[in-house]
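Protein sequences, first through last, are from chains A, B and C. Take the first sequence: its letter number 249 is residue 248 in the working numbering, and every next letter is one higher. Take the second sequence: its letter number 356 is residue 381 in the working numbering, and every next letter is one higher. Take the third sequence: its letter number 67 is residue 78 in the working numbering, and every next letter is one higher. No residue lacks a Cβ here, since even glycine has one placed at the ideal position from N, Cα and C. Every value quoted in this text rests on a predicted model; they were computed, and no experiment measured them. Worksheet: one structure, shown below.
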Amino acid sequence: MTHHVILGAGPAGVIAAETIRKHAPQDAITIVGDEPEPPYSRMAIPYLLAGNIAEAGTHLRHAPDHFERQRITVRRGRAVSIDTVEREVALEGGERLGFDRLLIATGSRPVKPPVPGIDSPGVHTCWTLDDARHIMQLATKGARVLQMGAGFIGCIIMEALATRGVKLTVVEMGDRMVPRMMGPTAGGMIKAWCESKGITVRTGARVEAIEAEAPLSARLSTGERVAADLVINATGVKPAIGFLEGSVIALGVGVLTDARMQTNVPGIYAAGDCAEAFDALTGKTVVSAIQPNAAEQARIAALNMVGQCASLRQVTQINVLDTLGMISTSFGNWQGVTGGEHVELTDETLGRHLSLQFKDDVLIGANSVGWTDQVGVLRGLVEGRVHLGPWKDELLRDPTLLSKAYLGAAQAQGQWVSAADARRR
Amino acid sequence: MAWAGKILRVNLTDGTVKSEALNMQWARDYIGSRGLGSKYLVEEVDAKVDPLSPENKIIWATGPLTGTMASTGGRYTVITKSPLTGAIACSNSGGYWGAELKMAGWDMIIFEGKSPKPVYLYVNDDVAELRDAAHLWGKSVFQTEEIIKKTHQDPLMRISSIGKAGENQVLFAAVVNDLHRAAGRSGVGAVAGSKNLKAIAVRGTKGVGNIRDPKAFMQVTFEKKKILAENAVTGQGLPAYGTQVLMNVINEVGALPTRNHRDVQFEGAKDISAEAMKTPRKTDGKTHLVTNQACFGCTIACGRISKIDETHFTVVNKPEYWGASGGLEYEAAWALGAANGVNDLECLQYVNVLCNEEGIDPISFGATVGAVMELYELGVLTKEQIGIEAPFGSAKALAFLAEETVNGRGFGKEIGQGAKRLTAKYGRPELAMHSKGQEFPAYDGRAIQGIGLAYATSNRGGCHLRGYTIASEVLGIPVKTDPTESEGKPELVKAFQDATAAFDSSGLCIFTSFAWSLPDLAPQLAAACDDGYTTEELAKIGERIWNMERDFNNRAGFTAKDDTLPKRLLEEACKTGPSKGKVNELAKMLPKYYEVRGWNPDGTLKPETRARLGL
Amino acid sequence: MQKVLHIDAGKCTGCLQCEMACSYENYQVFAPSKSRIKVFDFHATGKKVPYTCTQCDEAWCLHACPVEAITVDKATGAKVVSEATCVGCKVCTIACPFGTVNYVQETGKVQKCDLCGGEPACTEACPTGAITYIDANWTGLGRMAEWANKLGNQPVAN
């Protein structure tokens, strides 16, 4: 009987476990998670902070006996090293867990910027449920909150903080908000939007020091001083793979894998935020810390772990962000490529923006603000690498016709077929 | 209920947009759309006003069933005082715009005054703002729709706009929505143009929800849709052939006005008929007709979508006209074709597309060209004056004059004044085929007696849609009457006029009345709005609306002598066909008509009529 | 046998009865903007294309959901959004490459076609038989291919 050990109880770990169970009814499956709660979704934390859901609402699976019925063992533990020869994981506390197949799905951890005072009481990351509980205690009505970082995570918790009635200041090092997800126009629109909602936004600035008084006092690179009852560190995340340092498992920014999500050690796989997977489209390895990617990579890894042959078509790079009601998306290579073509449409008063990047007659990336209807077709067009033919000129002329372009080009062409097509998934 | 209960009042002079409560008593008494919009107009506008002055108002109005699942619930009307006729104008359109306005939470929009510069109204649910339209002025309807949708980044926005013709105040300029549905008649587009109002762009996401008895409404509308589906006209004829199904039928009964009503049968009718639209072309082997198309909520789908032969002289080297577009409908095919003796289907569609593109009424345009061609053949007008040789049957002249008219160039400017003014200018007013200044549509008033009376008495001038007695006199709906017989027609005309007013006011399409009558409409309105809407009540409301319109026209200066027809219809007999030798017997019918209407011999309302109808 | 929505775009007239039926079924209001089935109008070819979720087997939306708000209806096979569980993160809306899961501002949740529990309102409302609910005797692949062939929206078509 094959024993599958999965390190990490996030979406990648859980989806991999379920996929293994579906295809290998007899195998043993153990998920090892390092947090006390049942497997939950970090993505749901903003909604917990906003008071829309209770903690149970963040749980990945709601049936209390879900894992039991699936015969998936979920246990607490933190891996400290992997013995690739003996095929054992060493856990904190000395226990060793043997495996036949191993999936590393440990996700990512917040980075801690080298700022004096970053460890002061009242400075928190917003990553775990435990973090959320601290933030909820401190982010009370009228509290002064300083948020370091206006990246994806920073932006997505803003609404929750605003709902809680705090006085919010956001400091972002980049020249705009969400600089790694949205282009300058969209980033500027999001900033203006936040400011119109009463949030103080400082871009191109950083926190240089935090003085652990009560209240906390932060000194900014602009010379400004900001008093705060709570400082949230949302400066970014990186793969949680420290325990693999010194092992034979090849690491880049994340755990390097091939398109089948296998590491350089046969039988050991990685998926999700911690994986740096081979992207067949660009020929490079890419870390993409988003849920759809985690789900897809977990599925591919799991299928290979049970002996099937499945490959990742590409590393999905898509994102959607709701910043205080302003909804933005990014798909693929939204920055564009040299020699490509670009069309952009912006109405700042309406809060709508569309930016499409083409290479030849293929849409390779897109940004949108204020678009919610059928935005998924942008993924269909980008990842389907759909040849737009005459629709490209139509889109250059009027990018708002994207749904029609998708229907006209992708479906008439039949290149992007349903999920049931085994060749695709 | 089913009314949104709110109207927008836009003062173009000072640029204000205000929300106001709908007058629910008026709504009850005049239903909506045509009736209710007209009620607001007659209450607010002096009947003697110059139609193109800031003192005139223009109203876009939906009905209570607009935007519901009742079949054909996509209609709206544009109501104003007509610059073409000087009478009350009420032009009905389909497409999707009307439903969208209702979905945004508005029953109607009233425009007052005149904007100092071109503007368009942007409506997004509760948000309603005037926007600068400098960049849209001079643009076609097609361009305007595209630019506005792109500007607002909303491909689902619906737009009702005017083209260059409306800007230039062509007296039969239309308001066009959804590219090729039009509030076509009576020059409502010119009034919008006179006010510097380019377009109304609407997005409505609220929907229509306050149905009085939703369960009963769903049930009754389902049953009534079934009647439409099972009816030969609405279930088969119209979807398959469109209104063009009439071309050969009307020609056979000798009622197809040809060459400015000189003839009543057209030898080229078959070439421009529905059947021709479905026959593969010799040039490219494709059919002219691409598909049928429905308006919002319509389960009939009579609309035509066609493609012009790319090698045709009108569009060669003009790929922008090679795509599918609306047309041909019967009235347009007649007015552009038979009325001018032109049997070139591709040319008719080209001109029809131009009419949609720049917003003119193809009926008035075609009929005016008919008068021009007659004047040319009589030697009154020359090639130099017109800019082209313009004998009857010349497709080249038709296309040329259409281009000149929509672009406001050369002799097109004179055509843009309509047949009555143009023929008067050249000393031959009797050659204008109109009543009250509006050109006749596609049925000959000599061959079909009732429709002649309907033309003469129509509140908006020559029009088939104010009392479509063709249904009875030709098609036998609801009962067959003899078209050559004038006896009984006053009563028939009145009944059709009143019922039509009720249908038009509901927000549904008059074409449903090929299969439905008031007893079918009443329960739908009752379930949606008010259970007092019985068949009898609707007939009374229809009559009230008719008399209200008439009363406005009387105050505007119309009298009994305006209830007339051109000499040609009264004195020159049909030369061929089953009605050979017939003229319209208006003099026999009119007194009886006044009598059944409860009017004085001078055409004014008797006090007891006013009292009976609550006017 | 499970049934699927079958769409024959060639029969669609663009009347939007399906959109009204859908919004009425789900929100008790006639509002195409709230409909889960959308009719796209291709002016240049005259084609109307009703478009909605095909209930794909390994549904992107379902796997992308972080809180298990999208589940499979055992009876119909439909992928169904639980409004109570959905947190409104919108990830499914960008994960679905067909664009058939959409965010609804008023509710703060996403919506998609759920086959009305086995009696799709759109099929009942369609006057031309362009939308039918039939036995799933072909695969999703065949369904999409058929759809694609019927589409014919290339400007060179016709």
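Going by beta carbon distance, what residues of the same chain come within less than 6 Å of B:G623, once the five residues before and after it are set aside? Only K631 and T634 meet the Cβ criterion.
Residue range of the beta strand (DSSP E) that includes B:R34: Taken as a continuous stretch (DSSP letters only), the beta strand (DSSP E) holding B:R34 covers K31 to N36.
Among the candidates B:A520, B:K592, B:G582 and B:P508, whose CA atom is the shortest distance from the CA of B:G602? Out of B:A520, B:K592, B:G582 and B:P508, B:P508 has the C-alpha closest to the C-alpha of B:G602.
I need the DSSP call for B:N273, collapsed to helix, strand or coil. In the structure shown, the three-state DSSP call for B:N273 is helix.
Here's the rule: buried if 16 or more other CB atoms are within 10 angstroms of the residue's CB, otherwise exposed. What is B:S44? The C-beta of B:S44 has fewer than 16 other C-beta atoms within 10 Å across all chains shown, which makes the residue exposed.
Rounded C-alpha distance that separates A:T72 from B:S96: In a straight line, the C-alpha of A:T72 is about 58 Å away from that of B:S96.
Less than 8 Å between the CB atoms is what I'm expecting for C:H54 and B:A349, so what's the real figure, rounded? The C-beta distance from C:H54 to B:A349 rounds to 7 Å, short enough to fall under 8 Å.
Please return the same chain residues whose Cβ sits closer than 7 Å to the Cβ of C:S34, not counting the five positions on each side in sequence. Excluding residues within five positions, the ones whose Cβ falls inside 7 Å are V40, F41, A42, P43, K45 and S46.
Kindly list the residues whose CB is nearer than 6 Å to the CB of A:A419, restricted to its own chain and excluding five residues on each side of it in sequence; keep chain order. Confidence is the limiting factor: at A:A419 the pLDDT is only 34, short of 50, which leaves the residue's position unreliable, though a coordinate-based value still follows. Within the same chain, no residue comes within 6 Å of A:A419 by CB-CB distance, once the 5 residues on both sides are set aside.
Find out if the Cβ-Cβ distance for the pair A:V361, A:R384 is shorter than 8 Å. Inclusion of A:V361 and A:R384 in the CB contact set at 8 Å is warranted, their separation being smaller than that value.
To the nearest angstrom, how far is the alpha carbon of A:I14 from that of A:A227? Cα to Cα, A:I14 sits roughly 40 Å from A:A227.
Are any of the Cβ atoms in chain A nearer than 8 Å to that of C:A75? Yes, contact with chain A.
Under 9 Å between beta-carbons, which chain B residues line up against C:P138? List them in chain order, please. Ordered by position in chain B, the residues that pass the 9 Å Cβ test against C:P138 are S96, K250, L253, A254, A319, C323, T324, I325 and A326.
According to the Cβ coordinates, are A:V374 and A:M188 closer than 8 Å? 8 Å or more divides the Cβ of A:V374 from the Cβ of A:M188.
Could you tell me the boundaries of the alpha helix (DSSP H) in which B:Q50 lies? Here the alpha helix (DSSP H) through B:Q50 covers M49 to Y55.
Using C-beta distances below 6 Å, list every residue in its chain close to A:S287, excluding the 5 sequence neighbours before and after it, in chain order. Cβ neighbours of A:S287 beyond the five flanking positions: V314 and Q316.
Which same chain residues, not among the five before or five after B:V227, have their C-beta less than 6 Å away from its C-beta? Correct list, in chain order: E125, L126, A129, V148 and R183.
Of all the residues that make up the stretch 152-172 of chain B, which are near chain A by a beta-carbon distance shorter than 9 Å? Those would be E171, in chain order.
Report the rounded CA-to-CA distance for B:K445 versus A:V376, giving the unit in angstroms. Cα to Cα, the separation comes out at about 55 Å.
Taking the C-alpha atoms as reference points, what is the distance between A:K166 and A:K111? Distance between the alpha carbons of A:K166 and A:K111 is about 23 Å.
Within 8 Å of any Cβ in chain A, is that where the Cβ of B:P180 sits? Yes, contact with chain A.
Rank B:V405, B:V608, B:E356 and B:L594 by C-alpha distance to the C-alpha of B:L490 and give the top, closest one. Answer by Cα proximity: B:E356.
Could you check which residue in B:A215, B:I236 and B:K332 has the C-alpha nearest to that of B:P344? Restricting attention to B:A215, B:I236 and B:K332, the CA atom closest to the CA of B:P344 is found in B:K332.
What residues match up with A:Q261 in a beta bridge as DSSP calls it? BP columns for A:Q261 point to A:Y268.
Under 8 Å: do the stretch 492-510 of chain B and the stretch 461-476 of chain B share three or more Cβ pairs, one atom per stretch? By the Cβ rule, the stretch 492-510 of chain B counts as touching the stretch 461-476 of chain B, because three or more pairs are nearer than 8 Å.
Best match in B:I275, B:T304 and B:L77 for proximity to B:E192 [C-alpha to C-alpha]: It is B:L77.
Can you give me the Cβ contacts of B:Q374 inside the same chain, cut-off strictly under 6 Å, excluding the 5 residues immediately before and after it? Within its own chain, the residues whose Cβ lies closer than 6 Å to the Cβ of B:Q374, once the five positions on either side in sequence are excluded, are S331, I333, G352 and L353, listed in chain order.
Same chain, Cβ closer than 7 Å to B:K303, neighbours up to 5 away in sequence not counted: Taking B:K303 as the centre and dropping the five residues before and after it, the same chain places the C-beta of T312 and L314 closer than 7 Å to its C-beta, in chain order.
Residue nearest to C:E117 in terms of C-alpha spacing, selected from B:G57, B:G232, B:I104 and B:V70: Residue B:G232 is the option with its Cα nearest to C:E117.
Can you tell me the Cα-Cα spacing of B:V278 and B:N377, whole angstroms? Using only the alpha carbons, I get a separation of about 26 Å.
Cβ of C:G57 less than 8 Å from any chain A Cβ? C:G57 does not count as touching chain A.
Do we get a CB-CB distance below 8 Å when we pair B:K175 with the residues of chain A? Yes, contact with chain A.
Interface partners of A:V314 on chain C, CB under 8 Å: Taking the beta carbon of A:V314 as reference, no residue of chain C falls within 8 Å; the closest one sits roughly 14 Å away.
Report, in whole angstroms, the separation of the C-beta atoms of A:A274 and A:V254, which I expect to be a contact under 8 Å. So it is a contact: roughly 5 Å between Cβ atoms.
Return no unless some Cβ of chain A is closer than 8 Å to the Cβ of C:Y62. For C:Y62, the closest Cβ of chain A is nearer than 8 Å.
Roughly how many whole angstroms lie between the Cα atoms of B:A319 and B:N221? Annotation: B:A319 to B:N221 spans about 31 Å, alpha carbon to alpha carbon.
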